[in-house]
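For reference, the structure discussed in these notes is given below.
Protein chains: 2
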Amino acid sequence: MHRIEPRADCLSLPVLVIAGRRETTLPARPRKADAWKDAGQSRDEQFAAKRAALIRKAARAFSARGFYNTSLDDIAAELGVTKPALYYYVKNKEEILYACHLISNELGTQAMTFAESLPGCGLDRVVALARRYVELLTGEFGASAVLMEFDALQPENKKTIVAGRNRFDRRFRSLIAKGVEDGSIRKVDPKLTVFFFMGSVNWMTRWFRPDGTFNGQEMADRFADYLQESIKARSNQT
Amino acid sequence: MHRIEPRADCLSLPVLVIAGRRETTLPARPRKADAWKDAGQSRDEQFAAKRAALIRKAARAFSARGFYNTSLDDIAAELGVTKPALYYYVKNKEEILYACHLISNELGTQAMTFAESLPGCGLDRVVALARRYVELLTGEFGASAVLMEFDALQPENKKTIVAGRNRFDRRFRSLIAKGVEDGSIRKVDPKLTVFFFMGSVNWMTRWFRPDGTFNGQEMADRFADYLQESIKARSNQT
DNA sequence: CCCGCTATTTACTTCAGAGTAAAAAGATTG
DNA sequence: CAATCTTTTTACTCTGAAGTAAATAGCGGG
Numbered sequence: 001m002h003r004i005e006p007r008a009d010c011l012s013l014p015v016l017v018i019a020g021r022r023e024t025t026l027p028a029r030p031r032k033a034d035a036w037k038d039a040g041q042s043r044d045e046q047f048a049a050k051r052a053a054l055i056r057k058a059a060r061a062f063s064a065r066g067f068y069n070t071s072l073d074d075i076a077a078e079l080g081v082t083k084p085a086l087y088y089y090v091k092n093k094e095e096i097l098y099a100c101h102l103i104s105n106e107l108g109t110q111a112m113t114f115a116e117s118l119p120g121c122g123l124d125r126v127v128a129l130a131r132r133y134v135e136l137l138t139g140e141f142g143a144s145a146v147l148m149e150f151d152a153l154q155p156e157n158k159k160t161i162v163a164g165r166n167r168f169d170r171r172f173r174s175l176i177a178k179g180v181e182d183g184s185i186r187k188v189d190p191k192l193t194v195f196f197f198m199g200s201v202n203w204m205t206r207w208f209r210p211d212g213t214f215n216g217q218e219m220a221d222r223f224a225d226y227l228q229e230s231i232k233a234r235s236n237q238t
Numbered sequence: 239m240h241r242i243e244p245r246a247d248c249l250s251l252p253v254l255v256i257a258g259r260r261e262t263t264l265p266a267r268p269r270k271a272d273a274w275k276d277a278g279q280s281r282d283e284q285f286a287a288k289r290a291a292l293i294r295k296a297a298r299a300f301s302a303r304g305f306y307n308t309s310l311d312d313i314a315a316e317l318g319v320t321k322p323a324l325y326y327y328v329k330n331k332e333e334i335l336y337a338c339h340l341i342s343n344e345l346g347t348q349a350m351t352f353a354e355s356l357p358g359c360g361l362d363r364v365v366a367l368a369r370r371y372v373e374l375l376t377g378e379f380g381a382s383a384v385l386m387e388f389d390a391l392q393p394e395n396k397k398t399i400v401a402g403r404n405r406f407d408r409r410f411r412s413l414i415a416k417g418v419e420d421g422s423i424r425k426v427d428p429k430l431t432v433f434f435f436m437g438s439v440n441w442m443t444r445w446f447r448p449d450g451t452f453n454g455q456e457m458a459d460r461f462a463d464y465l466q467e468s469i470k471a472r473s474n475q476t
């Protein structure tokens, strides 16, 4: 019997995943995928790996099709198991969503910490943040992390997630404010700027495919570039 | 008995609406709102007005909380009636969503037609499009129109809506491409630029409140400004 | 090769919310 | 003020998907 206490620490193990298109008929029990057959680990490692794979499949599905358009049967089918098997790894659907949000916040924090550690003017750091964040979102963990379904979270979890997001927002704004102060960024409203940029990024998770016209790195470069151009100070203007 | 054939022409009649926060308990039957008590019209006019009010309340709710987080009971309660009453005006929930998408597309077309009719360089027209579009979205019809739940539409309707959206996208891209040609816009990828900007706008509908820090007009100005700065050509660069 | 633990399945229950039927309440008109 | 049409309600049904119980299959050690 495995513990189902909060254990969202399983952000590990890269798993190759092909973004699946919605099927009209559930393809009854396809061959088990990825982590589900990868052997050669301790029991606890396997548990963690499988849980992580589950979360990441779900994250991709949620990002691409939305939380409510993704049933647990869908996820289970994609993993090659049946729905109740999922309940061995998570308590309920909400916990999956929560785990996804945790990843999302984690990536944000990572990008932020990186950006804040950089030398240079405010603009440079803001742009670095943007680039790194998009890189992370489009990278290993897939276009998986940015979710919008806060309302489906339990109040307790929602509080945690929203708090994390707010922290990210504040640091982002503060970075922008510093840029305005040091003269590298033109006079923009930090809050609005963050909303503007984050909107683009949130939306990206809905259409981005790693095998599309642009890969993750290119997306990161271009998004960062848009942001940079839209906020950088120019000699000949306010 | 009233016909329930496709009749999504009811985009009329401004109705004052205060964005309602989600209630844990459904406030049982509050006083009827707005159009529901406005008398002094022919029957057909009343029908149209009420249907329009219904669609617009729903549109706001969908935008703010999402399609699946909004039950018909919610909408009915907000209007001060019971759920079955809604079925007198629409065939089902999907039809409401479809009507919302039609409004959304309509606003896009309006903004686009306006922008294309302008003289001036590509950049000017692109910026005018952005401003007008945000103006419309945040205006009379509220932050109501941009929806993301394409998947909940019937295949037939989905086709229509997606086609409309694609048309908008193409015209938007084409405007950008022209700007690049005439030298007013720097070398950006039109498609990506559209996605970038539309993401911000889509996201805006989730948080914008007319009574917030910025009103609709300010939002329009600032979003247009961000876009302008991010894509305009400069003398001293590529 | 049997025991006990891990993992997954089959076969359910439950519930929210979409949708419907039929009765009741409101209008409008002769 | 009855007759009839319009609108809304009460009281349901139905369904999809979340979630659970209990049986079963697989595995590692003794």
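So the sequences go chain by chain: A and B. Residue 226 in my numbering sits at position 226 of the first sequence, and the numbers go up by one each step. Residue 351 in my numbering sits at position 113 of the second sequence, and the numbers go up by one each step. We treat Cβ as the ideally placed atom computed from N, Cα and C, and that holds for glycine.
Exercise. Do the stretch 40 to 56 of chain A and the stretch 366 to 375 of chain B touch if we need at least three Cβ pairs shorter than 8 Å?
Worked result: The answer is no - the stretch 366 to 375 of chain B does not touch the stretch 40 to 56 of chain A, with fewer than three Cβ pairs under 8 Å.
For this session: Would you please verify whether the beta carbon of residue 206 of chain A is less than 9 Å from any beta carbon of chain B?
Result: The sequence position of residue 206 of chain A within the first sequence is 206, counting from 1. Yes, because at least one Cβ of chain B sits closer than 9 Å to the Cβ of residue 206 of chain A.
Exercise. Hey, how far is the Cα of residue 470 of chain B from the Cα of residue 86 of chain A?
Worked result: Working through the second sequence from its first residue, we reach residue 470 of chain B at position 232. Working through the first sequence from its first residue, we reach residue 86 of chain A at position 86. In a straight line, the C-alpha of residue 470 of chain B is about 50 Å away from that of residue 86 of chain A.
For this session: Give, in chain order, every residue of the stretch 295 to 306 of chain B whose Cβ lies closer than 9 Å to some Cβ of chain A.
Result: 303, 304, 305, 306
Exercise. If the cut is a Cβ gap below 7 Å, which residues of chain A does residue 464 of chain B touch?
Worked result: Indexing the second sequence from 1 puts residue 464 of chain B at position 226. Going along chain A in sequence order, the residues near residue 464 of chain B (Cβ under 7 Å) are 196, 230.
Problem set entry | Collapsed DSSP secondary structure at residue 461 of chain B in the structure displayed | Within the second sequence, the letter at position 223 stands for residue 461 of chain B. Helix.
Exercise. In the structure shown, what three-state DSSP assignment does residue 329 of chain B receive?
Worked result: Residue 329 of chain B sits at position 91 when you count from the first residue of the second sequence. Three-state result, residue 329 of chain B: coil.
Exercise. What residues in the stretch 383 to 394 of chain B have a beta carbon less than 8 Å from any beta carbon of chain A?
Worked result: Of all residues in the stretch 383 to 394 of chain B, 386, 387, 389, 390 have a Cβ within less than 8 Å of some Cβ in chain A.
Exercise. Is the beta carbon of residue 107 of chain A within less than 8 Å of some heavy atom of the ligand SAH?
Worked result: Annotation note on the ligand SAH: not contained in the displayed structure, which lists no ligands.
For this session: Identify whether residue 425 of chain B lies in helix, strand or coil by the three-state DSSP scheme.
Result: Translated into the one-based positions of the second sequence, residue 425 of chain B becomes position 187. DSSP places residue 425 of chain B in coil when its eight states are reduced to three.
Exercise. How many angstroms separate the CA atom of residue 320 of chain B from the CA atom of residue 80 of chain A?
Worked result: Reading the second sequence from its first residue, position 82 is the one you call residue 320 of chain B. Reading the first sequence from its first residue, position 80 is the one you call residue 80 of chain A. Those two C-alpha atoms are separated by around 43 Å.
For this session: Output yes or no for whether 9 Å exceeds the beta carbon distance between residue 363 of chain B and residue 417 of chain B.
Result: The residue given as residue 363 of chain B occupies position 125 in the second sequence. The residue given as residue 417 of chain B occupies position 179 in the second sequence. Cβ distance < 9 Å, so residue 363 of chain B and residue 417 of chain B count as in contact.
Exercise. What is the rounded straight-line gap between the Cα of residue 104 of chain A and the Cα of residue 356 of chain B?
Worked result: Translated into the one-based positions of the first sequence, residue 104 of chain A becomes position 104. Translated into the one-based positions of the second sequence, residue 356 of chain B becomes position 118. Those two C-alpha atoms are separated by around 42 Å.
Problem set entry | Spatially closest choice to residue 466 of chain B from B:433, B:446, B:423, B:450, by CA coordinates | The sequence position of residue 466 of chain B within the second sequence is 228, counting from 1. It is B:423 whose Cα lies nearest to the Cα of residue 466 of chain B.
Problem set entry | chain B residues whose Cβ lies nearer than 8 Å to that of residue 199 of chain A | Stepping through the first sequence from its first residue, residue 199 of chain A is reached at position 199. Ordered by position in chain B, the residues that pass the 8 Å Cβ test against residue 199 of chain A are 437, 438, 439, 440, 441, 442.
Exercise. With burial defined as no fewer than 16 other Cβ atoms inside 10 Å of the residue's Cβ, what is the status of residue 316 of chain B: buried or exposed?
Worked result: Along the second sequence, read from residue 1 onward, the residue named residue 316 of chain B stands at position 78. Residue burial is scored here from C-beta neighbours: residue 316 of chain B has at least 16 other C-beta atoms within 10 angstroms and is therefore classed as buried.
Problem set entry | Cutoff 7 Å; reference residue 365 of chain B; Cβ partners in own chain excluding five residues on either side | The count along the second sequence starts at 1 and reaches residue 365 of chain B at position 127. 462, 465, 466, listed in sequence order.
Exercise. Any idea which residues DSSP pairs residue 232 of chain A with across the strands?
Worked result: Residue numbering aside, residue 232 of chain A sits at position 232 when the first sequence is read from its first letter. For residue 232 of chain A, which the question treats as bridged, DSSP gives the partners A:185.
Exercise. Under 9 Å Cβ-Cβ, which residues of chain B neighbour residue 168 of chain A?
Worked result: By one-based count along the first sequence, residue 168 of chain A stands at place 168. Ordered by position in chain B, no residue passes the 9 Å Cβ test against residue 168 of chain A, which lies about 15 Å from the chain.
Exercise. What residue from B:401, B:460, B:415 has the CA that sits closest to residue 344 of chain B's CA?
Worked result: Within the second sequence, the letter at position 106 stands for residue 344 of chain B. Of the listed residues, the one whose Cα sits closest to residue 344 of chain B is B:401.
Exercise. In this structure, does DSSP put residue 316 of chain B in helix, strand or coil?
Worked result: Residue numbering aside, residue 316 of chain B sits at position 78 when the second sequence is read from its first letter. If DSSP states are grouped into helix, strand and coil, residue 316 of chain B belongs with the helices.
Exercise. In chain order, what residues of the same chain lie with their CB nearer than 7 Å to the CB of residue 89 of chain A, ignoring the 5 residues before and after it?
Worked result: Residue 89 of chain A sits at position 89 when you count from the first residue of the first sequence. If we look at residue 89 of chain A and ignore the five residues flanking it on each side, its Cβ neighbours are 50, 51, 54.
Exercise. When the Cα atoms are used, what is the spatial distance from residue 429 of chain B to residue 454 of chain B?
Worked result: What you label residue 429 of chain B is simply residue 191 of the second sequence in a count that begins at 1. What you label residue 454 of chain B is simply residue 216 of the second sequence in a count that begins at 1. Their Cα atoms are separated by approximately 26 Å.
Problem set entry | Buried/exposed call for residue 29 of chain A, threshold 16 Cβ in 10 Å | Counting from 1 along the first sequence, the entry for residue 29 of chain A is found at position 29. In this prediction, residue 29 of chain A scores a pLDDT of 49, lower than 50, which makes its location untrustworthy; the coordinate-derived value is nonetheless stated afterwards. Exposed, since its Cβ has fewer than 16 Cβ neighbours within 10 Å.
For this session: Kindly say whether residue 189 of chain A, judged by its beta-carbon, lies nearer than 9 Å to any beta-carbon of chain B.
Result: Position 189 of the first sequence holds residue 189 of chain A. Judged by the 9 Å Cβ criterion, residue 189 of chain A is in contact with chain B.
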